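Converting from the sequence shown to this note's numbering requires adding 648 to each position, the first position being numbered 1.
Here a beta-carbon is modelled for each residue, glycine too, at the ideal position from N, C-alpha and C.
The structure presented is a predicted model; accordingly, all values stated were derived computationally and were not measured.
Just below is one structure, and these are the notes that go with it.
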Amino acid sequence: MREKLKRIAVMTSGGDSPGMNAAIRSVVRTCAYYKIECIGIYRGYQGMIEGDFINMTARSVNHIIHKGGTILKSARSKEFMTKKGRQKAYKNLIKHDINALVVIGGDGTFTGGVVFNKEFKFPVVGIPGTIDNDIYGTSHTLGYDTALNTAMEAIDKIRDTASSHNRLFIVEVMGRDAGFIALNAGVGAGAEEILIPEENLGLDRMLESLKKSKSSGKSSSIVVVAEGDKSGKTVFELADYVEENLPEYEVRVSVLGHMQRGGSPSCFDRVLASRLGVKAVELLIDGKTNIMVGLKDNQVVSTSLEKAIKGIQEINMELLRVSDIMTT
Ligand code: F6P
């Protein structure tokens, strides 16, 4: 017979995202519901190496569902990338009688989880938490919906000033390798052009579309650019490029940056976090390991952590076509 789970540890790692607190709350309360002890690990894998642990009860997570950031803090640990670091971390888990781990984060976090599971046969379940939405096996990662709306609302505000001065704004949004925020916030805010890492449509296309906007009588224009777009130019270089080629435009740049990672999670992210946390703990109780919980067709599903890391979350290119039509 399988040994009963006594203690589960939970941690957040990598870039924080709105909804991480709601997920911690869900894991802690699900543990309490099933009478399993729960330990919080501060600062992700680094805290695991240093034994920075805290006992958590259902009451430790009161009034955090609406809070951005993560009460357990987050970090990217170089030490955990070494075997020595991982051995220290493992010893700490054993010393504290912990028999399973829930990791909340993105692909770096999951890669750490897979290696740890392989080396020590330690049960690990992942909850996808990143604003980039670039994890295979879930239609939504925690924080993506909130960040998307934060970016869209910021672009709406930029539109006000762009329109008052008849200006073009180039707005950089987050997404080092993925254009989910850029594409969706761009369509949502009615951007004239959207540049994403997944597709290099060339700068001629952007100039053409801006020329068209001007001649069609538009008073302002917005170009949304994902951090990792493939134009080969920074947003400041893009601004110079447009002004050189289309002198009729007065261009300004706005980099939204880390404000997209903060703020109170949307209702969608809170509900998603609650559902994924319950499932993560229940899978561990069922003896499952090395898997990620996610959402597909509004159902909670699981995918192997390896697949979640290696698979590609495809962006919906149809949205680029919709965006083109909307800029008519
Ligand atoms: O959380 C993902 C992400 O927002 C990326 O889009 C971005 O490039 C990165 O984090 C920046 O993270 P940091 O400043 O923490 O290194």
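Should ILE752 be listed as close to ligand 1, given that the test is whether its C-beta is under 7 Å from any heavy atom? Checking every heavy atom of ligand 1 against the Cβ of ILE752, none is found closer than 7 Å.
Who are the near neighbours of LYS715 in its chain, counting only those whose CB is closer than 6 Å to its CB and skipping five residues on each side? Close CB contacts of LYS715 within its chain, under the 6 Å cut and outside five residues either way in sequence, are with ASN669 (chain order).
Counting only the same chain and skipping the five closest in sequence on each side, list residues whose C-beta sits under 8 Å from that of LEU984. Absent from the model: residue 984. The displayed extent of the chain is 649 to 976, so no value can be given.
Name the residue from LEU843, MET965 and PHE728 whose alpha carbon lies nearest to the alpha carbon of VAL819. Nearest neighbour of VAL819 by Cα position, chosen from LEU843, MET965 and PHE728, turns out to be LEU843.
Residues near LEU932 by beta carbon distance below 8 Å, same chain, minus five either side: Closer than 8 Å at the Cβ level, and outside the excluded window around LEU932, lie LEU653, ILE656, ALA748, VAL750, PRO771 and VAL773.
Let me know if LYS944 comes out buried or exposed under the rule of 16 or more other beta-carbons within 10 Å of its beta-carbon. Counting of Cβ neighbours within 10 angstroms places LYS944 among the exposed residues, the total staying below 16.
What's the gap between the Cα of LYS731 and the Cα of GLY925? Rounded to the nearest angstrom, the two C-alpha atoms are 29 Å apart.
Distance CB(SER922)-CB(THR794) smaller than 8 Å: If you check the CB distance, SER922 and THR794 do not come in under 8 Å.
Near MET649, which residues of its chain fall below 8 Å by C-beta distance, leaving aside the five closest residues on each side in sequence? With a pLDDT of 44 at MET649, under the threshold of 50, the modelled position of that residue is not reliable, and the figure given next carries that caveat. Result list for MET649: empty, nothing under 8 Å.
Does the separation of the CB atoms of ASN832 and SER879 fall below 8 Å? In this structure, SER879 does not lie closer than 8 Å to ASN832 by Cβ.
Along the chain, which unbroken stretches of the alpha helix (DSSP H) at least 4 residues long are found entirely within the segment 820-856? Within the segment 820-856, the complete alpha helix (DSSP H) segments of 4 residues or longer fall at 828-836, listed in chain order.
Check each candidate in VAL658, VAL873 and ALA737 and name the one with the smallest Cα separation from SER725. When C-alpha distances from SER725 are compared across VAL658, VAL873 and ALA737, the shortest belongs to ALA737.
Whole-angstrom distance between LYS739 and LYS683, CA atom to CA atom: Approximately 24 Å, taken between the alpha carbons.
Just to confirm, does GLY777 get its C-beta within under 7 Å of one of the non-hydrogen atoms of ligand 1? The answer is no for GLY777.
Examine ligand 1 and report whether any of its heavy atoms sits within less than 7 Å of the Cβ of ARG691. ARG691: no, Cβ never under 7 Å from ligand 1.
Contact defined as beta carbons within less than 8 Å: I believe LEU741 pairs with MET696. What is the distance between those atoms, to the nearest angstrom? Rounded, the Cβ-Cβ distance is 7 Å, consistent with contact.
Tell me the DSSP bridge mates of GLN947? Looking at the DSSP assignment, GLN947 forms a beta bridge with LYS944.
6 Å Cβ shell around LEU855 - same chain, five flanking residues per side excluded: Once the five neighbours on either side are set aside, the close Cβ partners of LEU855 are ASN893.
May I have a chain-ordered list of the beta strand (DSSP E) segments no shorter than 3 residues that lie completely inside the segment 766-825? The segment 766-825 is shown to contain whole beta strand (DSSP E) runs of 3 or more residues at 772-776 and 816-821, in chain order.
Nearer than 7 Å: is that true of the beta carbon of GLY823 relative to any heavy atom of ligand 1? At least one heavy atom of ligand 1 falls within 7 Å of the beta-carbon of GLY823.
Buried or exposed: where does TYR681 fall if 16 or more other Cβ atoms within 10 Å of its Cβ makes it buried? With fewer than 16 neighbouring CB atoms inside 10 Å of its own CB, TYR681 falls in the exposed class.
Could you work out which residue in THR976, GLU966 and ILE689 is closest to PHE828 when comparing CA atoms only? The option with the nearest alpha carbon to PHE828 is GLU966.
Tell me whether GLU698 sits in a helix, a strand or coil according to DSSP, three-state version. Looking at GLU698 - three-state DSSP - the assignment turns out to be helix.
Assuming PHE728 and TYR693 make a contact with CB atoms under 8 Å, what is their CB distance in whole Å? Yes, they are in contact, since the Cβ atoms of PHE728 and TYR693 sit about 4 Å apart, within 8 Å.
Along the chain, where does the beta strand (DSSP E) that runs through SER869 open and close? Per DSSP, SER869 is one residue of the beta strand (DSSP E) stretching across 869-874.
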